[in-house]
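These notes are about the structure you will find just below.
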Amino acid sequence: MPRLPRTDLDVSDLCLGGNVFGWTADEPTSFALLDRFHDAVPGTQAPFVDTAESYGDGTSETILGNWMAERGLRDRVVVATKASPGDKEHPLSAPEIRAAAERSLRNLRTDHIDLYYAHRDDPTTPLDETLTAFDELVQAGKVRYAAASNYSAERLTEALQTAQRLGVTGYVALQPHYNLMERPVYEAELQAVAAEHDLGVLPYFGLARGFLTGKYRAGETIDSPRAQRAAQYVGEKGDRVLTALREVADAHGTTMAAVALRWLADQPTVTAPIASGRSVEQLADLLPMLDLRLGDDERQRLADASA
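Here this note's numbering runs 562 ahead of the position in the sequence shown, where the first position is 1.
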């Protein structure tokens with residue numbers, strides 16, 4: 563079972579992205595998505611859900627909090643959320659981190675956050691101040707573990723060294739942009755840092771904004787708020803990747819989305835990829851990755867196609 567390194571958090575192989583809650587999925591649909599995800603995760607794992615204070619200006623957190631309270635499932639779910647930049651002048655200053663955490667705790671209707679991210683690096687605030695603020699939340703029991711999202715390899719390394727120098731809680735996980743269509747930045751720069759410091763890695767956009775589901779093809783119009791950005795992957799490389807995904811998916815009698823997510827979950831340093839669906843039907847295409855096992859030759863075929 564996946565465990566975030568250097569923590570006691572045993573999480574599901576797939577992390578459900580809560581970015582759709584209150585955006586493309588209203589509250590009843592979000593509840594249905596969470597119910598389906600919870601039911602699909604093996605009993606030995608904890609359903610892992612990712613959100614942020616900036617998703618719908620707190621709406622995503624509120625929906626997740628309402629669902630956990632109504633279902634009585636807070637102790638069963640591993641919750642990740644983020645202190646987001648928004649329009650803050652110094653988003654990772656100590657006062658802003660404290661205020662953001664309190665808002666998220668209220669929205670989520672909980673007394674603790676399992677994994678709390680710095681959503682984006684804040685070069686306007688000294689790392690000493692940021693990391694001390696996260697450590698204070700951990701010592702107070704309001705946050706169990708701190709993590710980083712959208713950090714460069716250089717800044718991530720500096721943050722980890724700073725925490726060690728200060729003797730405070732350091733980041734235990736990283737949320738980078740990484741998938742079959744977006745490999746170079748993570749693999750050439752961040753992967754080595756994650757491995758050296760034993761970080762859990764939770765890649766976002768695990769399906770390349772939906773492109774890896776196979777529904778985006780040249781000349782086709784898709785009704786999706788992500789269609790324009792997903793279309794950037796249409797081309798020779800995209801065709802190669804989709805062809806390889808289709809071949810592997812057909813061999814297993816599963817979906818291209820499940821294969822793409824399983825490939826990502828199998829990569830060195832990755833704990834669990836993050837992906838979302840705006841309907842139960844879309845989510846159903848992702849869930850087979852929980853039980854899917856790829857052969858070394860299949861993983862290599864996908865890697866070669868996406869090189």
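Just so you know, even glycine gets a beta-carbon here, dropped at the ideal spot from N, CA and C.
- When the five nearest sequence neighbours on each side are left out, the beta carbons in the same chain lying within less than 8 Å of the beta carbon of residue 663 are those of 645, 675, 678, 699, 704, 705, in order along the chain.
- If you ignore the 5 residues before and after residue 684, its C-beta comes within less than 6 Å of the C-beta of 653, 654, all in its own chain and listed in chain order.
- The shortest CA-to-CA distance from residue 711 to any of 754, 765, 757 is the one to 765.
- Residue state for residue 730 is assigned as coil, using DSSP reduced to three classes.
- With a contact defined as Cβ atoms closer than 8 Å, residue 721 and residue 689 qualify at about 5 Å.
- Three or more beta-carbon pairs drawn from the segment 569–584 and the segment 604–612 are found closer than 8 Å, and the two stretches are therefore classed as touching.
- Residue 695 and residue 659 have their C-alpha atoms some 7 Å from each other.
- Around the Cβ of residue 723, a 10 Å sphere holds fewer than 16 other Cβ atoms; the residue is exposed.
- By the beta-carbon neighbour count (other beta carbons within 10 angstroms, threshold 16), residue 790 is exposed.
- Going by C-alpha positions, residue 798 is about 30 Å away from residue 713.
- A distance below 7 Å between beta-carbons, with the five flanking residues on each side excluded, links residue 666 to the following residues of its chain, in chain order: 615, 623, 643, 675.
- Annotation: residue 847 to residue 819 spans about 6 Å, alpha carbon to alpha carbon.
- For residue 711, the uninterrupted beta strand (DSSP E) run begins and ends at 705–711, by DSSP.
- Inside the segment 799–827, DSSP marks no whole beta strand (DSSP E) run of 3 or more residues.
- If you compare the alpha carbons of 861, 671, 745, 858 with that of residue 632, the shortest gap goes to 671.
- The shortest CA-to-CA distance from residue 630 to any of 599, 825, 817, 651 is the one to 599.
- Beta-bridge partners of residue 650 (DSSP): none assigned.
- Residue pairing by DSSP places residue 578 opposite 611, 837 in a beta bridge.
- Contact between the segment 749–762 and the segment 575–589 is absent, with fewer than three C-beta pairs closer than 8 Å.
- For residue 829, the secondary structure class from DSSP, reduced to helix, strand or coil, is coil.
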